[in-house]
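Take a look at the structure below.
Residue numbers (the numbering used here), protein chains in the order written: chain A, 21 to 152; chain B, 7 to 137.
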């Protein structure tokens, strides 16, 4: 394979010796973590639709579970996970497609923004729901 | 087979060529993501709206054609995306072949079963709704 030229210079994996904690790393780990959390959270959303389709009796069994304090806490955390994964996922689409937002300062700032957005937007949504 | 004895392993591998499918999961993960950039905000807004209206309100909401169609599309994109995401995590962290294969199969079964369950529930609500 001698003589082949790469179309563009590609990023190298960071060496363990020069590794340090940074915002994009946390965002990446959180992206994967929220993805896994939503995987199981989806079971709850699916159960809601199944209960809805099964009739009033089935819904009457399911409703208290989702309205309980633990149920509401899980739904709130699910909202935070969805919004973080959504915001951070849009950032990944900008990275993958038009290659926007790659420089370290922007990437770090967007990472912090995604956390702030996920928490504040979740609180705002739930405030509207609970006050309505 | 006999001919293969006289060529080097590297030459044999080059002759086989690539299946050109190495990036398919990567691309599908992004295509479903693009769909959900639009579907998930709708889903959040819509579900919050519907869940506040009790059983009757929620049934009426899911029975409306546009809601039913968008619900099934959201479920399709989400379960496809979930399946690939979980598959990548299993492939990254589970080294033992048997455990890994078992979890990969379980992942596929779970996502497909969930999609079928959700899609049929929504269809029932749609078809059952008063026209």
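By construction, the Cβ of each residue, glycine as well, lies at the ideal position given by its N, Cα and C atoms.
query, result
"Rounded straight-line distance, which links the Cα of residue 101 (chain B) to that of residue 47 (chain A)", "25 Å"
"Residue 54 (chain A), DSSP secondary structure in three states", "helix"
"Contact set between residue 76 (chain A) and chain B, taken where Cβ atoms lie within less than 7 Å", "61"
"Between the CA atoms of residue 127 (chain B) and residue 74 (chain A) - distance to the nearest angstrom", "8 Å"
"8 Å Cβ shell around residue 103 (chain A) - same chain, five flanking residues per side excluded", "137, 138, 141, 142"
"Three-state secondary structure assigned by DSSP to residue 126 (chain B)", "helix"
"Through-space distance from residue 67 (chain A) to residue 18 (chain B), alpha-carbon basis", "52 Å"
"For residue 39 (chain A), the first and last residue of its enclosing alpha helix (DSSP H)", "Where residue 39 (chain A) is concerned, there is no enclosing alpha helix (DSSP H), given that its DSSP letter is neither H nor E."
"Chain B within 8 Å of residue 110 (chain A), Cβ atoms only", "yes"
"Selection of the stretch 54–78 of chain B by Cβ proximity to chain A, strictly under 7 Å", "54, 58, 61, 64, 65, 68"
"Beta-carbon proximity of residue 79 (chain A) to residue 146 (chain A), cut-off 8 Å", "no"
"Collapsed DSSP secondary structure at residue 76 (chain A) in the structure displayed", "helix"
"Chain A contacts from the stretch 98–131 of chain B (Cβ-Cβ distance under 7 Å)", "120, 123, 124, 127, 128, 130, 131"
"For residue 30 (chain A), three-class secondary structure by DSSP", "coil"
"Whole-angstrom distance between residue 48 (chain B) and residue 21 (chain A), CA atom to CA atom", "Caution is warranted here: a pLDDT of 48 is assigned to residue 21 (chain A), below 50, making its placement in the model unreliable, and the coordinate value is therefore given only provisionally. Residue 21 (chain A) and residue 48 (chain B): Cα-Cα distance of roughly 50 Å."
"Within-8 Å CB hit, residue 47 (chain A) to chain B", "no"
"Boundaries (first-last residue) of the alpha helix (DSSP H) holding residue 70 (chain B)", "No alpha helix (DSSP H) holds residue 70 (chain B); DSSP gives it neither H nor E."
"Status (buried if at least 16 other CB within 10 Å, exposed otherwise) for residue 90 (chain B)", "buried"
"Assigned exposure category for residue 121 (chain B) - 16 Cβ within 10 Å defines buried", "buried"
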